[in-house]
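Each residue of the sequence shown is one higher than the last, beginning at 1 in full-length UniProt numbering. Even glycine gets a Cβ: it sits at the ideal position worked out from N, Cα and C. Owing to the predicted nature of the structure, the values given are computational and were not obtained by experimental measurement. What follows is a set of notes on a single structure, which appears directly below.
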Amino acid sequence: MTSPLPQDALALLKRLGVSDAVFASTGLSAHSPITGETVATLKETSAAEAEAAIGRAQSAFLLWRKVPAPRRGEFVRLLGEELRAAKDDLGLLVTLEAGKVTSEGLGEVQEMIDICDFAVGLSRQLYGLTIATERPKHRMMETWHPLGVCGVISAFNFPVAVWSWNAALAFVCGDSVVWKPSEKTPLTGIAVQAIVEKTMKRFGPEAPAGLSEILIGGREIGDILVSDHRVPVVSATGSTRMGKEVGQKLASRFARAILELGGNNAAIVAPSADLDVALRGIAFAAMGTAGQRCTTLRRLIVHESVYDALIPKLIKVYASVKIGDPREAGVLVGPLVDEAAYKGMQAALSEAKAAGGTVHGGERVTVGTGGFYVRPAIVEMPAQTGPVARETFAPILYVMKYTSLDQAIAIQNDVGAGLSSSIFTLDMREAESFISAEGSDCGIANVNIGPSGAEIGGAFGGEKETGGGREAGSDAWKAYMRRATNTLNYGTTLPLAQGVSFDV
Ligand code: NAD
Numbered sequence: 001m002t003s004p005l006p007q008d009a010l011a012l013l014k015r016l017g018v019s020d021a022v023f024a025s026t027g028l029s030a031h032s033p034i035t036g037e038t039v040a041t042l043k044e045t046s047a048a049e050a051e052a053a054i055g056r057a058q059s060a061f062l063l064w065r066k067v068p069a070p071r072r073g074e075f076v077r078l079l080g081e082e083l084r085a086a087k088d089d090l091g092l093l094v095t096l097e098a099g100k101v102t103s104e105g106l107g108e109v110q111e112m113i114d115i116c117d118f119a120v121g122l123s124r125q126l127y128g129l130t131i132a133t134e135r136p137k138h139r140m141m142e143t144w145h146p147l148g149v150c151g152v153i154s155a156f157n158f159p160v161a162v163w164s165w166n167a168a169l170a171f172v173c174g175d176s177v178v179w180k181p182s183e184k185t186p187l188t189g190i191a192v193q194a195i196v197e198k199t200m201k202r203f204g205p206e207a208p209a210g211l212s213e214i215l216i217g218g219r220e221i222g223d224i225l226v227s228d229h230r231v232p233v234v235s236a237t238g239s240t241r242m243g244k245e246v247g248q249k250l251a252s253r254f255a256r257a258i259l260e261l262g263g264n265n266a267a268i269v270a271p272s273a274d275l276d277v278a279l280r281g282i283a284f285a286a287m288g289t290a291g292q293r294c295t296t297l298r299r300l301i302v303h304e305s306v307y308d309a310l311i312p313k314l315i316k317v318y319a320s321v322k323i324g325d326p327r328e329a330g331v332l333v334g335p336l337v338d339e340a341a342y343k344g345m346q347a348a349l350s351e352a353k354a355a356g357g358t359v360h361g362g363e364r365v366t367v368g369t370g371g372f373y374v375r376p377a378i379v380e381m382p383a384q385t386g387p388v389a390r391e392t393f394a395p396i397l398y399v400m401k402y403t404s405l406d407q408a409i410a411i412q413n414d415v416g417a418g419l420s421s422s423i424f425t426l427d428m429r430e431a432e433s434f435i436s437a438e439g440s441d442c443g444i445a446n447v448n449i450g451p452s453g454a455e456i457g458g459a460f461g462g463e464k465e466t467g468g469g470r471e472a473g474s475d476a477w478k479a480y481m482r483r484a485t486n487t488l489n490y491g492t493t494l495p496l497a498q499g500v501s502f503d504v
């Protein structure tokens with residue numbers, strides 16, 4: 001027997017070091033999609049409090065930028081240690097608040113630990129270049145400096161990992177961080193803030209007050225972060241609608257935007273594909289997290305010669321996948337986040353039917369007494385029409401046939417979003433074509449794995465309506481620093497570039 005969910009969540013918050021001061025009798029209600037219950041009511045950040053928090057972060061930045069980068073790395077190493085210690089509790093809290101199955105809740109915290117490890121190494125590798133200069137007795141180089149306050153706005157579906165992809169890098173880069181988590185997942189945000197505060201205490205006075213701030217509330221509070229001139233970079237993760245609003249506001253004040261927006265990800269199954277690998281890859285990518293990942297597989301483009309060998313098997317897997325309380329062993333598909341997500345899914349299915357689609361699954365499933373659970377849907381479509389061209393944040397997989405690879409790639413690229421993509425093929429020419437300049441136009445292009453489940457070592461993000469931002473690995477750190485090009489003259493004359501003469 002499990003104890004009632006709200007008590008479990010409150011006990012976890014206590015164990016994670018969250019103080020009772022965050023709760024209030026009126027404010028932002030935190031729900032669990034597992035049962036639909038209200039878990040707690042939280043004090044919302046007022047506009048004045050948000051501005052004060054940004055001010056504290058700005059003051060913290062002025063001190064933090066002077067701490068040597070490897071020392072800042074030591075702070076992030078301690079943060080990783082605290083996250084390791086908190087992994088089970090925080091992972092379960094992610095499950096309770098976002099509805100992810102247990103292994104995915106834990107996986108999300110593991111991703112936070114991984115990015116901390118990455119950032120610790122990075123703290124000794126914030127390299128600039130030395131560049132050949134045309135002028136004698138001169139040296140030219142570039143240096144990377146801390147940028148300022150980094151705003152982070154995150155979505156409900158990765159309630160803690162997205163913060164860490166940004167914050168772990170921002171901290172080692174010498175920035176302070178102000179975070180506005182999703183209004184649908186404030187509890188995990190508050191728990192992470194408590195873990196950071198504990199880490200700051202362990203690290204000592206070198207970590208200034210205000211290094212990490214959190215704002216609780218909806219988009220109005222996010223807007224304060226976006227509009228404040230003291231915040232030179234904002235990383236915003238969420239819908240393309242949100243990105244359009246936020247991106248334009250940031251551009252109007254020349255602030256840097258790291259936009260991580262919606263996806264409409266496809267996989268191509270070629271004639272030579274290993275269909276067993278494809279089946280497993282498709283099932284995880286399309287049904288995992290109940291279709292609520294930005295990288296969820298939403299469009300399957302199958303060669304006509306393998307369509308009949310693959311699709312009936314896939315329909316069977318969909319019909320038998322275990323849907324239920326995400327805390328239960330064996331459950332692979334948990335709840336949708338809320339009723340609006342359920343209604344959006346049903347509307348898309350009706351639209352697909354009207355556009356000539358044949359729907360398998362998609363019906364509501366009763367689990368306990370509340371929550372919105374659905375059987376993931378496969379929709380066989382005659383063409384890429386109706387709702388197929390847009391992201392519906394629910395487990396719907398649209399399936400289409402193709403005859404030539406060029407046609408498949410054209411279908412794959414013919415949508416607004418450009419986040420993730422993949423091809424299942426054992427043909428080396430097809431694989432290379434797919435990841436070449438003439439292939440997928442997405443930020444992520446995979447071969448023989450699905451489009452979801454990225455590791456932190458690579459730069460994460462996408463093109464077109466996905467926003468163009470990159471987070472996590474590779475050289476994504478550069479977005480959190482400012483670059484200065486320095487030219488030094490150690491000679492006794494003053495030769496000018498391009499042979500210009502200016503004798504005075
Ligand atoms: P959402 O756009 O409704 O909200 C995301 C965040 O933006 C929330 O914190 C919200 O309060 C804030 N926000 C919304 N409008 C704002 C505004 N005008 N000004 C300031 N802040 C604003 O998204 P959601 O429903 O929470 O998440 C699902 C969406 O996020 C999907 O489209 C999914 O693909 C996308 N997503 C993308 C990535 C990625 O890395 N590309 C990762 C996760 C989720």
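{"Query": "Which same chain residues, not among the five before or five after A86, have their C-beta less than 7 angstroms away from its C-beta?", "Result": "L16 and I195"}
{"Query": "On a Cα-Cα basis, can you pick out the residue from N265, G222 and G210 that is closest to G462?", "Result": "N265"}
{"Query": "For I153, which residues from the same chain have a beta carbon less than 6 angstroms from its beta carbon, with the 5 sequence-adjacent residues on both sides left out?", "Result": "K180, G222 and A236"}
{"Query": "From M1 to E97, what distance separates their C-alpha atoms?", "Result": "Residue placement at M1 is flagged as unreliable, the pLDDT there being 42, under the threshold of 50; the coordinate-derived value follows with that caveat. M1 and E97: Cα-Cα distance of roughly 20 angstroms."}
{"Query": "Does residue 522 come out as helix, strand or coil in the three-state DSSP assignment?", "Result": "The structure shown does not extend to residue 522, since the chain is modelled only from 1 to 504, so the question has no answer here."}
{"Query": "How many whole angstroms separate the CB atoms of A30 and P159, which I take to be in contact at a CB cut-off of 8 angstroms?", "Result": "Incorrect: roughly 11 angstroms between the Cβ atoms, too far for contact."}
{"Query": "Can you find a heavy atom of the ligand NAD that lies under 7 angstroms from the Cβ of D223?", "Result": "yes"}
{"Query": "DSSP state of T466, grouped into three classes?", "Result": "coil"}
{"Query": "Straight-line CA distance for L79 to E197?", "Result": "9 angstroms"}
{"Query": "Counting pairs of beta carbons, one from the segment 365-377 and one from the segment 237-249, are three or more of them closer than 8 angstroms?", "Result": "no"}
{"Query": "Measuring only the C-alpha atoms, how far is G443 from A329?", "Result": "34 angstroms"}
{"Query": "Can the beta-carbon of V39 be found less than 8 angstroms from the beta-carbon of A11?", "Result": "no"}
{"Query": "What are the boundary residues of the beta strand (DSSP E) that includes T358?", "Result": "T358 to H360"}
{"Query": "Hey, quick one: how far does the beta strand (DSSP E) through L129 stretch, first residue to last?", "Result": "Premise fails: L129 is in no beta strand (DSSP E) and is neither H nor E."}
{"Query": "If you run the structure through DSSP and keep just helix, strand and coil, what is E197?", "Result": "helix"}
{"Query": "At the 8 angstroms Cβ level, is K316 part of the contact set with chain B, yes or no?", "Result": "Given the protein chain composition of this structure (a single chain), no chain B is represented."}
{"Query": "Among P382, G357, P335 and A352, which residue has its Cα nearest to the Cα of V365?", "Result": "P335"}
{"Query": "What is the DSSP secondary structure of R375, reduced to helix, strand or coil?", "Result": "coil"}
{"Query": "For R293, does the count of other Cβ atoms within 10 angstroms reach 16, so buried, or fall short, so exposed?", "Result": "buried"}
{"Query": "Going along the chain, which unbroken runs of the beta strand (DSSP E) with 3 or more residues stay wholly within the segment 189-277?", "Result": "212-214, 233-237, 256-260 and 265-269"}
{"Query": "Just to confirm my understanding: we take I456, look at its own chain, exclude 5 residues before and 5 after, and list those with CB closer than 8 angstroms. What are they?", "Result": "E111, D114, I115, F118, W165, A472 and G473"}
{"Query": "On the criterion of 16 or more Cβ atoms from any shown chain inside 10 Å, does G210 qualify as buried, or is it exposed?", "Result": "buried"}
{"Query": "Going by Cα to Cα distance, which pick from I409, S32 and T487 is closest to S422?", "Result": "I409"}
{"Query": "Using C-beta distances below 6 angstroms, list every residue in its chain close to G151, excluding the 5 sequence neighbours before and after it, in chain order.", "Result": "V178, L225, V231 and V234"}
{"Query": "Say the cut is 7 angstroms; is the CB of R256 nearer than that to a heavy atom of the ligand NAD?", "Result": "no"}
{"Query": "If distances are taken between C-alpha atoms only, which option among E134, E206, T26 and D441 comes closest to V500?", "Result": "E134"}
{"Query": "Report the option in V120, A437 and L28 whose CA atom is closest to the CA atom of T41.", "Result": "L28"}
{"Query": "Measure the CB-CB distance between P136 and G491 and report whether it falls below 8 angstroms.", "Result": "yes"}
{"Query": "Please state the DSSP three-state secondary structure of K478.", "Result": "helix"}
{"Query": "From which residue to which residue does the beta strand (DSSP E) around I444 run?", "Result": "I444 to V447"}
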